[in-house]
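Counted from 1, the sequence shown has number 118 at position 99 by the numbering used here; the numbering is strictly sequential. Report on the following structure.
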Amino acid sequence: MGMISEFKEFAMAGNMMDMAVGIIMGGAFGTVIKSLIEDVIMPVVGHFSGGMDFGKLAVCLGDKAADGTCGGAAISYGSFINAFIAFLLLAWVLFMIIKGMNKAKKAEAEAPPEPTPSETLLAEIRDALKK
């Protein structure tokens, strides 16, 4: 088998396509969670913390300008707080999704198997003989 045909077989395998779809959906899901954090949750947290905007929290490494902004480099730890909260929410949502999937798999595994056609036929014969 040539290298190109082997690569084509690998790239077109079901697992590879599932992984590609998962990565694309994960990127879109990350964007939704980021928007949820920045546009919905953090304003509420800021409101209850006295109007504080975590995204603007920083430590200036240089002198501050007259308008209060950093004149030099700054460590923006507020952005890190926002990213960490987004990570925690994303991890929680994924945990809940996987927990639901595991519960569904367990319920599916606990369901009794369908009788085979021969078992069904034997049950019909048994019921007919009882009459």
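Ideal placement from N, C-alpha and C gives every residue a C-beta, glycine not left out. This structure is a prediction, so every number in the text was calculated from the model and none was measured.
Cα separation between residue i and residue j?
i           : j           : result
residue 153 : residue 77  : Absent from the model: residue 153. The displayed extent of the chain is 20 to 150, so no value can be given.
residue 67  : residue 129 : 47 Å
residue 75  : residue 109 : 22 Å
residue 151 : residue 149 : Any property of residue 151 remains undetermined from this structure, which presents the chain solely from 20 to 150.
residue 145 : residue 138 : 10 Å
residue 135 : residue 141 : 10 Å
May I ask you to report which of helix, strand or coil DSSP gives residue i?
i           : result
residue 124 : helix
residue 84  : coil
residue 93  : strand
residue 70  : coil
residue 105 : helix
residue 32  : coil
residue 45  : helix
residue 139 : helix
residue 21  : coil
For residue i, which option in the options has the closest C-alpha, if you only look at C-alpha atoms?
i          : options             : result
residue 65 : 100, 28, 84 and 141 : 100
residue 97 : 31, 61 and 140      : 61
residue 72 : 59, 82 and 83       : 59
Sort out for me which residues DSSP pairs residue i with in a bridge.
i          : result
residue 63 : The partner list for residue 63 (beta bridge, DSSP) is empty, contrary to what the question assumes.
residue 78 : 94
Is residue i near the ligand ADP, in the sense that its beta carbon is under 8 Å from a heavy atom of that ligand?
i           : result
residue 143 : Absence of the ligand ADP from the depicted structure is noted, as is the absence of any ligand whatsoever, leaving it without description.
For this session: Would you check if there are 3 or more beta carbon pairs closer than 8 Å linking the stretch 53–62 to the stretch 105–117?
Result: yes
For this session: Decide if the stretch 108–117 is in contact with the stretch 126–143; the criterion is three or more beta carbon pairs, one per stretch, under 8 Å apart.
Result: No: the two stretches stay apart, fewer than three of their Cβ pairs being nearer than 8 Å.
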